[in-house]
Every structure is written in structure tokens, then in C-alpha cells.
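Using the numbering used here, read the sequence shown as starting at 20 and increasing by one per residue.
For glycine and all other residues, C-beta sits at the position ideal for the given N, C-alpha and C.
Here the structure is a predicted model, which means the values were calculated and not measured.
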Amino acid sequence: MKVWKIAGVGVLFALVTIYICQEIQFRKPLTLAEIDGLAAITAGQMDCNWRYDSTRKGEWLRQRSVAERKADVTFQARFMTAMGKYEGLDPDEQCALLDKFHDLVRRWHD
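Here it is in C-alpha cells:
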């Protein structure tokens with residue numbers, strides 16, 4: 020019985036530690052590369068003739084960007100600056116750009 024109590028406390032401690040680590044990671048400001056990736060995906064999905072769905076990593080990055088936008092007023096300016104790199108892409112260039120971010124979005128086939 021004593022072993023089960025120790026194991027239970029160990030599991031609870033591990034879960035709390037994982038939760039705290041994820042919260043710390045979630046609250047970190049996005050790096051320039053992450054902002055650029057979000058901007059590329061946003062620009063790429065505008066007129067691309069293929070449908071793309073976010074991966075788990077892409078969804079997590081979007082949620083972090085929403086949280087950062089609420090906490091940091093300069094986030095929108097940094098995001099728009101990154102979006103400026105991708106202005107004027109034709110649909111084929113947009114699809115090619117999305118293919119570069121296979122860890123954030125995946126092509127959806129009917």
C-alpha cells in the first residue's frame with residue numbers, strides 16, 4: 020500500500036511539473052521565426068487553390084499568437100511587418116509557400 024501512495028504522489032508531481040512547463044512555454048513571446056511562419060501561413064492560405072489544415076503545432080502556435088496579441092501591443096506590428104514579405108504572391112506561390120511549413124499545416128485531400 021505504501022508503494023501505491025509513493026507512486027501516486029510521484030505521478031501527481033510529474034503532472035503538475037508538465038503543466039507548469041507548458042504554461043511557461045506558452046507565455047513566452049513568439050520568436051521572429053514563429054511570427055514569420057504564422058505570417059507565411061496566413062498569406063499562403065488567402066488564394067491557394069489547395070486546402071490546408073493546421074497541424075497540432077500550427078494550432079498551438081496560433082493560440083500562442085492570440086494570447087500574445089492580447090498581452091503585447093507590438094505583436095500586431097511585428098506580424099504585419101512579416102506579412103509584408105509575402106504580399107503579391109500568386110496562388111501557385113502561396114501553395115508552394117504553405118508546402119514549406121509542413122510541420123504547421125498539411126495539405127488536405129478530398
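Are residue i and residue j closer than 9 Å when you measure CB to CB?
i: residue 60; j: residue 77; result: yes
i: residue 105; j: residue 58; result: yes
i: residue 110; j: residue 72; result: no
Output the distance between the C-alpha atoms of residue i and residue j, rounded to the nearest integer angstrom.
i: residue 37; j: residue 86; result: 20 Å
i: residue 100; j: residue 24; result: 54 Å
i: residue 84; j: residue 108; result: 23 Å
i: residue 56; j: residue 115; result: 13 Å
i: residue 126; j: residue 62; result: 15 Å
i: residue 33; j: residue 21; result: 18 Å
i: residue 81; j: residue 28; result: 34 Å
i: residue 119; j: residue 113; result: 10 Å
i: residue 103; j: residue 64; result: 15 Å
i: residue 31; j: residue 49; result: 30 Å
Can you give me the Cβ contacts of residue i inside the same chain, cut-off strictly under 7 Å, excluding the 5 residues immediately before and after it?
i: residue 88; result: 94 and 95
i: residue 122; result: 74 and 76
I need the boundaries of the beta strand (DSSP E) containing residue i, first residue and last residue.
i: residue 72; result: 70-73
Note the first and the last residue of the continuous alpha helix (DSSP H) segment covering residue i.
i: residue 103; result: 94-103
i: residue 56; result: 51-63
i: residue 48; result: Neither: residue 48 is in no alpha helix (DSSP H) and is coded neither H nor E.
i: residue 111; result: 110-119
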